Amino acid sequence: MTIEAILQTKSADVTAVPRTTTVAEAVKLLADERIGAVPVLDGDTVAGIFSERDVIHALATHGAAALDQEIGDVMTAPAITVSRAEAVLGALSLMTRRRIRHLPVIEGGRMIGFISIGDLVKYRIDRIEADAEAMRSYIQSA
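For the record, in the sequence shown the residue sitting at position 65 is 65 according to full-length UniProt numbering, with numbers rising by one throughout.
Take a look at the structure:
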């Protein structure tokens, strides 16, 4: 099971923002899209990730003035990334070790997808349920 399988279940459209986006604009985007993080681009390259945690850290450090800052100044960088060939369990392990919840999927230096820990957990649960059903069917047919 690889990240490729996850990407096949998701839309190819990824919401991303340039590093010059203000914190206030990014917060509005997170709220409007009901998402917890967004990749930050520098041209076509993923420069970092801007998440709810970054909002809290920026507000705690800079107060309300943080809302006028560019997210390039407060994002988590560099972004930790995976390839489409990465194993799902490997990506889950990476997220657990690094205490992160989102990973850009990179191929040829460009982002081709963005996955969350929720995407990976859902995929694993679906696979476990399918395996359990196959086992039940096998036992019943014996």
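The beta-carbon is built from N, C-alpha and C at its ideal position, and this holds for glycine as well.
Given the structure is predicted, the values throughout are model-derived calculations rather than measurements.
Asked: DSSP three-state label for Ser141, please.; Found: helix
Asked: Would you kindly report the start and end of the unbroken alpha helix (DSSP H) that includes Gly43?; Found: Taken as a continuous stretch (DSSP letters only), Gly43 belongs to no alpha helix (DSSP H), as it is neither H nor E.
Asked: Suppose you measure from the CA of Leu67 to the CA of Val23; what does that come to, to the nearest Å?; Found: 5 Å
Asked: Are the beta-carbon atoms of Leu89 and Met95 separated by less than 8 Å?; Found: no
Asked: Grab the span of the beta strand (DSSP E) containing Arg110 for me, first residue to last.; Found: Arg110 to Ser116
Asked: Three or more beta-carbon pairs under 8 Å between the segment 127-138 and the segment 21-38, yes or no?; Found: no
Asked: Since I believe Phe114 is in contact with Val27 (beta carbons under 8 Å), could you give me their beta-carbon distance rounded to a whole number of angstroms?; Found: With a Cβ gap of about 18 Å, Val27 and Phe114 do not count as contacting.
Asked: Check this for me: beta carbons of Gly48 and Thr76, under 8 Å apart or not?; Found: yes
Asked: Helix, strand or coil for Ser11? Go by DSSP, reduced to three states.; Found: coil
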